[in-house]
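Residue numbers for the sequence shown follow the UniProt record's numbering, so the first one is 1 and each next one is one higher.
All C-beta atoms in this analysis are idealised placements derived from N, C-alpha and C, irrespective of residue type, glycine included.
Note that the coordinates shown come from a computational prediction; the quantities given were computed from them, not determined experimentally.
Only one structure is covered here, and it is reproduced in the block below.
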Amino acid sequence: MRIYPNLRHVRLIDAAVRLGSLTQAADHVGISQPAGSQALVRLEDLFGGRLLERTATRAVATPRGEVVARRAARALAFLKAAASKIARLEKARPAKPVLLEAQAAMPQLRAISAFAETGSFSAAARRLGLSEPSVNRAARDLEQIVGEALFAGTSRHLMLTPAGRLLSRHANLVMKELDSAFEEVRELAGAFDGRVVVGTLPLVRTAIVPAAVVALADRRPDATVEVLDGPYDTLVQDLENGRIDMLVGALRPDLPRRDLVEETLFQDDLSIVARADHPLARRRSVTPADLAGFPWVLPRPGTPTRASFDRLAATFPPDASLAGVIETGSLVALRSILMMSDRLTILSRRQILYEEEAGYLTVLQYRLSDTTRPIGLTLRSGWQPTALQADFLAELRRVVAEEHEGAE
1 MRIYPNLRHV
11 RLIDAAVRLG
21 SLTQAADHVG
31 ISQPAGSQAL
41 VRLEDLFGGR
51 LLERTATRAV
61 ATPRGEVVAR
71 RAARALAFLK
81 AAASKIARLE
91 KARPAKPVLL
101 EAQAAMPQLR
111 AISAFAETGS
121 FSAAARRLGL
131 SEPSVNRAAR
141 DLEQIVGEAL
151 FAGTSRHLML
161 TPAGRLLSRH
171 ANLVMKELDS
181 AFEEVRELAG
191 AFDGRVVVGT
201 LPLVRTAIVP
211 AAVVALADRR
221 PDATVEVLDG
231 PYDTLVQDLE
241 NGRIDMLVGA
251 LRPDLPRRDL
261 VEETLFQDDL
271 SIVARADHPL
281 ARRRSVTPAD
291 LAGFPWVLPR
301 PGTPTRASFD
311 RLAATFPPDA
321 SLAGVIETGS
331 LVALRSILMM
341 SDRLTILSRR
351 QILYEEEAGY
361 LTVLQYRLSD
371 TTRPIGLTLR
381 SGWQPTALQA
391 DFLAELRRVV
401 AEEHEGAE
């Protein structure tokens, strides 16, 4: 488990670099100058080298110190943003944002983060390797600092309030910035052994993301890359909470969250897919009536692909039956069902790349209308990747560019 620095020490290095003085920084965070010097030594031990150089007139950050101070400033900004949002959420007095930024401690942030992830103080304590009373106390101390209820319910059915959920998310982002500080310090020394966590939606899992992962692994063999899949809403929540670094897949034009941004990489169309020896596979022209005569396997309602099917189904003959639909979010299961039956589905051709090459699945001769959609990246607004994460993004963009050059 990561050993995080004391948040007061994080405030100290941020202030020391901004003010150019360790003495002024110590006064700024409310500790004595000797205590400030001791705190700096602890930080330098934790980050593996000197963070400040003292000249005749001021304290100057070393390259390592610049990395740590930059990430420290971003971490503290997340605390300040959390307090401001909670104040607006609860219509609290404006003075409260200062309290959270100045008084919150790392054990408190870890406590509310672990509670949000596990759903109880007992499970959070096990996750952190601490006693339940100590985790409970840390979370309640944080509640006192914020001055608003972070938890609601009974001891048996305790849950986070909206303010608690907001603060837990920002606590995760604080720790994510400090994780990045540790990784960037190692990158300064030429050690690219950090971690990239990529959330993926169905279309990019077959070839695009795997190709980028392989390229990054060749370039940075000591790196760890974790590729996750799941429903869009779950992955977006993971992105907001800092559990994943980026989300790759179909973009949502109606993205409701202001703290996320999207970047289009390419446009993609959907097709009707069936097994290679399906009765309709031999047809040079397929009609809506033909499609209505076969059962379907589809993604769950509420997804963009299911909406495309709903538009298609509106063109079927009035007496067509849509009963007996199989719903699945598993591409593995969907492919198997298609190959074992006469069912049809709607997919991007990219998702059956290998099955089509092997002669297992095929695209029917029917052109769907209004299915062009942007495929790309969803990122946290203002996110600053480590060099390793930036390398992965570069490989991903290169894979997409080369694929489109080859298609022209």
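Distance, Ser84 Cα to Pro295 Cα: Walking along the sequence shown from the start, residue 295 turns up at place 295. Walking along the sequence shown from the start, residue 84 turns up at place 84. Near 53 Å, if we compare the C-alpha coordinates of Ser84 and Pro295.
DSSP beta-bridge partners of Leu247: Residue numbering aside, residue 247 sits at position 247 when the sequence shown is read from its first letter. Within the DSSP bridge table, the entry for Leu247 names Gly199, Thr378 as partners.
Rounded straight-line distance, which links the Cα of Ser381 to that of residue 439: Absent from the model: residue 439. The displayed extent of the chain is 1 to 408, so no value can be given.
Alpha-carbon to alpha-carbon, Leu46 and Met159: In the sequence shown, the residue the question calls residue 159 occupies position 159. In the sequence shown, the residue the question calls residue 46 occupies position 46. CA-to-CA, the gap between Met159 and Leu46 works out to about 34 Å.
Buried/exposed call for Glu226, threshold 16 Cβ in 10 Å: For this step, residue 226 is matched to residue 226 along the sequence shown. Exposed.
Run of the alpha helix (DSSP H) containing Ser122, from where it starts to where it stops: The residue labelled residue 122 in the question sits at position 122 within the sequence shown. Unbroken alpha helix (DSSP H) run through Ser122: 121–128.
Close-in-space but distant-in-sequence residues of the same chain around Leu109 (CB under 8 Å, 5 per side omitted): Numbered from its first residue, the sequence shown carries residue 109 at position 109. Taking C-beta separations shorter than 8 Å and ignoring five residues to either side along the sequence, the partners of Leu109 in its chain run Leu7, Leu142, Ala171, Val174, Met175, following chain order.
Distance CB(Ala163)-CB(Leu150) smaller than 7 Å: For the purposes of this step, residue 163 is taken as residue 163 along the sequence shown, with counting starting at 1. For the purposes of this step, residue 150 is taken as residue 150 along the sequence shown, with counting starting at 1. In this structure, Leu150 lies closer than 7 Å to Ala163 by Cβ.
Nearest-angstrom beta carbon gap, Ile244 and Val297 [assumed within contact, 8 Å]: By one-based count along the sequence shown, residue 297 stands at place 297. By one-based count along the sequence shown, residue 244 stands at place 244. About 28 Å; that fails the 8 Å criterion.
Gly249 and Leu201 closer than 7 Å at C-beta: Taking the sequence shown and counting its residues from 1, the one referred to as residue 249 is at position 249. Taking the sequence shown and counting its residues from 1, the one referred to as residue 201 is at position 201. A contact, by the Cβ cut-off of 7 Å.
Outcome for Asp391 when other beta-carbon atoms lying within 10 angstroms are tallied against a minimum of 16: Reading the sequence shown from its first residue, position 391 is the one you call residue 391. Buried is the call here.
Residue closest to Leu344, alpha-carbon to alpha-carbon, out of Asp370, Ile352, Val273: Numbered from 1 along the sequence shown, position 344 holds the residue referred to as residue 344. Checked all of Asp370, Ile352, Val273; the closest Cα to Leu344 is Val273.
When Ser285, Ala191, Gln384, Arg165 are compared against Leu260, the one with the closest alpha-carbon: The residue labelled residue 260 in the question sits at position 260 within the sequence shown. Measuring C-alpha to C-alpha distances from Leu260 to each of Ser285, Ala191, Gln384, Arg165 identifies Gln384 as the nearest.
4 or more residues per run - each alpha helix (DSSP H) lying fully within the region 252–335: Taken in chain order, the whole alpha helix (DSSP H) runs of length 4 or more contained in the region 252–335 are 288–292, 304–313.
Nearest-angstrom Cβ-Cβ length linking Ala223 and Phe192, presumed shorter than 8 Å: By one-based count along the sequence shown, residue 223 stands at place 223. By one-based count along the sequence shown, residue 192 stands at place 192. Indeed they touch by this definition, with Cβ atoms about 6 Å apart.
Proximity of Leu228 and Gly199 at Cβ, strictly below 7 Å: Along the sequence shown, one-based indexing puts residue 228 at 228. Along the sequence shown, one-based indexing puts residue 199 at 199. Their beta carbons are under 7 Å apart, which means Leu228 touches Gly199 by this criterion.
Minimum C-alpha distance to Gly376 - residue among Gly147, Asp290, Val146, Asp268: For the purposes of this step, residue 376 is taken as the residue at position 376 of the sequence shown. Checking every option, the nearest Cα to that of Gly376 belongs to Asp268.
Whole-Å CB distance - His9 paired with Leu43, under 8 Å assumed: The residue you call residue 9 lines up with position 9 of the sequence shown. The residue you call residue 43 lines up with position 43 of the sequence shown. Sure, about 5 Å apart at Cβ, within 8 Å.
Cβ neighbours of Glu355 in the same chain (closer than 7 Å, five flanking residues each side left out): Along the sequence shown, read from residue 1 onward, the residue named residue 355 stands at position 355. Correct list, in chain order: Arg335, Leu361.
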